[in-house]
Structure formats: C-alpha cells, structure tokens
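Residue numbers (this note's numbering): 278 to 370.
No residue lacks a Cβ here, since even glycine has one placed at the ideal position from N, Cα and C.
Model, not experiment: these values are computed from the prediction.
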C-alpha cells in the first residue's frame with residue numbers, strides 16, 4: 278500500500294547534538310529497534326502521548342494471554358478484558 282502525500286518523508290533536516298546526546302538517542306533508538314532518525318521523529322510526534330511502542334507490544338502480549346486464559350477457564354471475563362483493553366488503547370492516543 279502506498280503512503281499518502283502527507284505520510285511521505287521527503288524533507289531532510291539536520292540537528293546539532295553533543296556527542297553525549299547523540300549516543301543517548303542512538304542507545305534509545307537501538308532499544309526500540311529503530312534508526313536514530315525514525316526514533317527522533319517518532320519521539321517528537323508522540324512526545325505528549327506517553328506512548329512507548331515496546332510497552333505497547335508487551336501490554337498486547339499480556340492481554341492476549343489473559344484472553345486465552347479467560348476463554349479456557351472463565352469465559353465470563355472476556356467482555357471485561359476487552360473493555361479494559363479498549364480503555365488502555367484509548368488512553369495511549
């Protein structure tokens with residue numbers, strides 16, 4: 278699927294950093310399995326959301342396990358789990 282014109286990255290911008298800042302940003306980018314530039318863009322665009330993609334993945338994994346356990350042992354909890362999941366993703370946006 279092609280990206281819309283608004284989503285295409287075509288502008289190059291340079292940023293001045295100290296060596297320590299560059300190393301810290303690179304370390305954080307590596308932790309998120311992202312390039313430094315992608316991490317900087319993601320961080321700037323999501324600065325106020327508190328959204329962390331690594332935490333989101335782990336949260337989703339836990340929710341998937343909870344749903345599977347509920348299906349097997351307490352199906353009456355599925356609706357409550359789904360409601361809590363919706364609330365988590367609503368708060369992260």
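Within the same chain, show all residues whose beta-carbon is closer than 8 Å to that of residue 348, passing over the 5 residues directly before and after it, in chain order. 355
Between 359, 350, 331, which lies nearest to residue 341 when the distance is taken from Cα to Cα? 359
C-alpha distance - residue 338 paired with residue 344, whole-angstrom precision: 10 Å
Just reading off the alpha helix (DSSP H) that residue 334 is part of, what are its end residues? 330 to 350
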